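Comments concern the structure below.
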Amino acid sequence: MTPFMQSTVELAERISRISESSTMKVAAEADRLRREGIDVVDFGAGEPDFPTPDNIKQAAMAAIAANFTKYTPTGGTAELKKAICDRHHDDYGTSYAPAECMVTVGGKHAIFNLMQAVIGEGDEVIIPVPYWVTYKDVVTYAGGKCVFVETDERDGFRLTAAAIEPHLTSKSKLLIINSPNNPSGAVLDREEFERIYQLAARRGVRLMTDECYCRFLYDDQPFSIASMPGAKENVVVAGSLSKTYAMTGWRIGFALAPKSLIDAMMKLQSHTTSNPTSISQKAATEALRGPQDSIPIMLAEYRKRRDYVVKRLRAIPGVHIAEPKGAFYAYPNIAAGFRNGITSAIQFSERLLADAHVAVVPGEAFGTSEHIRISYATSMTELERGLDRIERFISGK
Ligand SMILES: Cc1ncc(COP(=O)(O)O)c(C=O)c1O
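Under our numbering, the sequence shown has 255 at position 257, and the numbering climbs by one with no breaks.
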C-alpha cells in the first residue's frame, strides 16, 4: 500500500453534515446476507416490483435505434416538458407552460436543485414528521435548518395547518408537503391541504409539494395543490415518474415552478448533470403520452397487498398501524417488540434482519423511534413469508 492510500482525505465541512441514506444502507446489508446464501425477505426497497410497461421500453429502444443518444437541452427536451405540463393539466387541472418546467435526474434531483437554489445559511424549512429521509439531508447540506412538525399516529399521522402555524418564524423559507406520505401512507384531505397552502402563502413561505406517490391513492381522487387559483406563484411541484410508471432505474423526475426559479435550478443543473439521459426522456414522453392503464392495475394490486399487510400486522398483539391511504408503505408501531435488550426501532430492525432475515427500514430514518417501514411493493408470497417471520419475531415464538 502506498502512503497516499493510507492517508485520510480531508473533507469539506458540508459533507460531514449529512449521512448515507438509511434505505440504501438496509438494501446493502440485505444484499450482503443474500450473497452469503441467506434467504432474506426484503421489505426495504421503495420501488415497484412491476416491470416498466412495454410501450415505454419500446420507445427507449426506438430512441437508441434512431441515434437519439446525444446531449439534449439541460432542462429536458421540448417535447417532454410539454408532455409533463399536459399530463399535469389533464390529471390535476393545472396550467403550467414548458418554461415553468424542467426535467431532472429523478425526483430526488429536483428536490436537491430546489434546496440549493432557495435555501441559504440559517433558513428554516418546515418538515412534517414522519418524513422521507432525503429532505433532512438535502436541507442540511444547503445550510438550512430543519424545523420538524410532529403528527400523531393515533390520528393517522394527519397534518394540519394548526400544527404547522406555531413553527413558522421570520426565517421560515419553505414548507415541505408529501402526500401520500412516505413512510406512513397518510394522505392530506383536500380542505386541510388548502388551509395549509393559505397559511404558507399568508406568511410568505414557499410550499414544495412532493407528488411522487400522487397517483397511488386508495380512497381519494388525485389532486395537486398547484391547481388552486393563484397557487402556482408560491408552490413548487417536485414530480417523479419512478413509481407511477415503474421507472425507478430510468431516473426521470421534474420540477414545476415559477420561471425565475426554474432558471436558477437549470443554471445549477447545467454545471452538474446537464440533461437527464436522452433515451430515458423518450421513454418518459411515451409514459406520459401513451396509455395510462398500468397505473390502475398497479394500484389495485397495491390495495390488495395493503389490506393484507394491515390485517396481518393488526393481528400481532401490541402492534398498531394507521391504515395507509396511499403510496405502498405500512408504518406500524412495533414497540411491543422492544425486549431482550432492544430499545429502539434501529435495534429492532437490525435484530429482525440478523435473526429473522427480514429487511425493513427503522423509523429513526423518518423521524420516529417506535416504527418500522414495510414496503409492500413486493409479491403476496413474499409478504406472507415476511409477515410470518415478523409475527414470530415480535411474539417471541
Ligand atoms: C417521497 C419521495 N419523494 C421523492 C422520491 C424520489 O424518487 P426518484 O428520485 O426515484 O424519482 C422518492 C423515492 O423514494 C420518495 O419516496
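Ideal placement from N, C-alpha and C gives every residue a C-beta, glycine not left out. In this text the structure is predicted, and so the values were computed from the model without any measurement.
* How far does the beta strand (DSSP E) with Thr102 in it reach, from first residue to last? -> 99 to 102
* **For Val396, the residue or residues it bridges with in DSSP** => No answer is possible for residue 396: it lies beyond the span of the chain, which begins at -1 and ends at 395.
* **With 16 other Cβ atoms within 10 Å as the buried cut-off, status of Tyr378** => The amino acid at residue 378 is misidentified as Tyr; the sequence shows Met. Exposed: under 16 other Cβ atoms inside 10 Å.
* Asked: Per DSSP, Ala253 forms a beta bridge with which residues?
  -> Met100, Ala236
* For Ile62 and Ile277, believed in contact at Cβ under 8 Å, the rounded distance -> 6 Å
* To do: Assign Ala140 to one of two classes, buried (16 or more other C-beta atoms within 10 Å of its C-beta) or exposed (fewer than that).
  => buried
* Asked: Which word fits Val7, buried or exposed, when buried means at least 16 other C-beta atoms lie within 10 angstroms of its C-beta?
  -> exposed
* Asked: Between Cys212 and ligand 1, is the CB less than 7 Å from at least one heavy atom?
  -> no
* What whole-angstrom Cβ distance do Gly183 and Tyr327 have, given they're in contact under 8 Å? -> 5 Å
* Would you check whether ligand 1 has a heavy atom nearer than 7 Å to the C-beta of Asn176? => yes
* To do: Ignore the nearest five residues each way along the sequence and tell me which others in Gly91's own chain have a CB closer than 6 Å to its CB.
  => Ser225
* To do: Could you give the DSSP three-state label for Ser373: helix, strand or coil?
  => strand
* Asked: What number of angstroms, rounded off, separates the C-alpha of Val38 from the C-alpha of Arg304?
  -> 21 Å
* N-terminal and C-terminal residue of the alpha helix (DSSP H) that Glu122 is part of -> Segment 122 to 126 is the beta strand (DSSP E) holding Glu122; no alpha helix (DSSP H) there.
* Asked: At what residues does the beta strand (DSSP E) containing Leu424 begin and finish?
  -> Nothing can be reported for residue 424, as the shown portion of the chain is limited to -1 through 395.
* Asked: Secondary structure at Met(-1), three-state DSSP: helix, strand or coil?
  -> The pLDDT assigned to Met(-1) is 49, lower than 50, so where the model puts this residue is not dependable; a value taken from the coordinates is nonetheless given after this. Met(-1): coil per DSSP, three-state reduction.
* Keeping to the same chain, check which residues put their C-beta closer than 7 Å to that of Pro274; ignore five residues upstream and five downstream. => Gly74, Val101, Thr102, Val103, Arg249, Ile250
* Asked: Taking all protein chains shown into account, do 16 or more other C-beta atoms lie within 10 angstroms of the C-beta of Gly324, making it buried, or fewer, making it exposed?
  -> buried
* Under a three-way DSSP split, which group does His355 fall into? -> coil
* Can you tell me the Cα-Cα spacing of Arg200 and Ala159, whole angstroms? -> 12 Å
* **Ile370 versus Met113: straight-line alpha-carbon distance, rounded** => 28 Å
* Asked: Taking 7 Å as the cut-off, is the CB of Thr246 close to at least one heavy atom of ligand 1?
  -> yes
* **Which of helix, strand or coil DSSP assigns to Ile295** => helix
* To do: Indicate, with yes or no, if ligand 1 has a heavy atom lying under 7 Å from the CB of Asn407.
  => Nothing can be reported for residue 407: it is not among the residues displayed for the chain, which extend from -1 to 395.
* **Opening and closing residue of the alpha helix (DSSP H) in which Leu112 lies** => 105 to 116
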